[in-house]
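Student: Everything in the sequence shown is counted per my numbering, starting at 4 for the first residue and increasing by one.
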Amino acid sequence: MQIQQIETRDGFHTAEALTDTSFASAAAAAAAAAATGAEAAAAAAAAAAAEEANVDAGFQQDAAAAAAVAEAAAAAPEEDAAAATAAAAAAAAAAAVSGCAAGV
4 MQIQQIETRD GFHTAEALTD TSFASAAAAA AAAAATGAEA AAAAAAAAAA
54 EEANVDAGFQ QDAAAAAAVA EAAAAAPEED AAAATAAAAA AAAAAAVSGC
104 AAGV
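1. What do you reckon, are the CB atoms on Ala48 and Ala68 nearer than 7 Å?
2. Count the other CB atoms within 10 Å of the CB of Asp65; is the residue buried (16 or more) or exposed (fewer)?
3. At the level of alpha carbons, what is the spacing between Ala46 and Glu55?
4. Please return the same chain residues whose Cβ sits closer than 8 Å to the Cβ of Ala96, not counting the five positions on each side in sequence.
5. Looking at Glu54 and the ligand FMN, is the gap between the Cβ and the nearest heavy atom below 6 Å?
6. Can you give me the C-alpha to C-alpha distance between Ala92 and Asn57, rounded to a whole angstrom?
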């Protein structure tokens, strides 16, 4: 709000309050833009958290698959070492594919 002084014909000053509607509109637009920016930042943070959770889940699946292959290889007799090596290679390939699918 602005105060404007007006001089009357007889020399006295009066004060008149003027409402600056353009200033109020600009303030409302700035508040709306700030709210929209905050919402966009919150959405970006949520998307980043979801992506990180997806990548973490992919790593956990890869670790579980590698542990299962290692356990199977340890339990296999020596004559099945070639088969265990092939299974380990297949598991490594599957881990690489799931890592790519998870965006790593």
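Where is the CB? At the ideal position from N, CA and C, for every residue including glycine.
Tutor: Per the coordinate set shown:
1. no
2. buried
3. 14 Å
4. none
5. The ligand FMN is absent from the structure shown, which contains no ligands of any kind.
6. 24 Å
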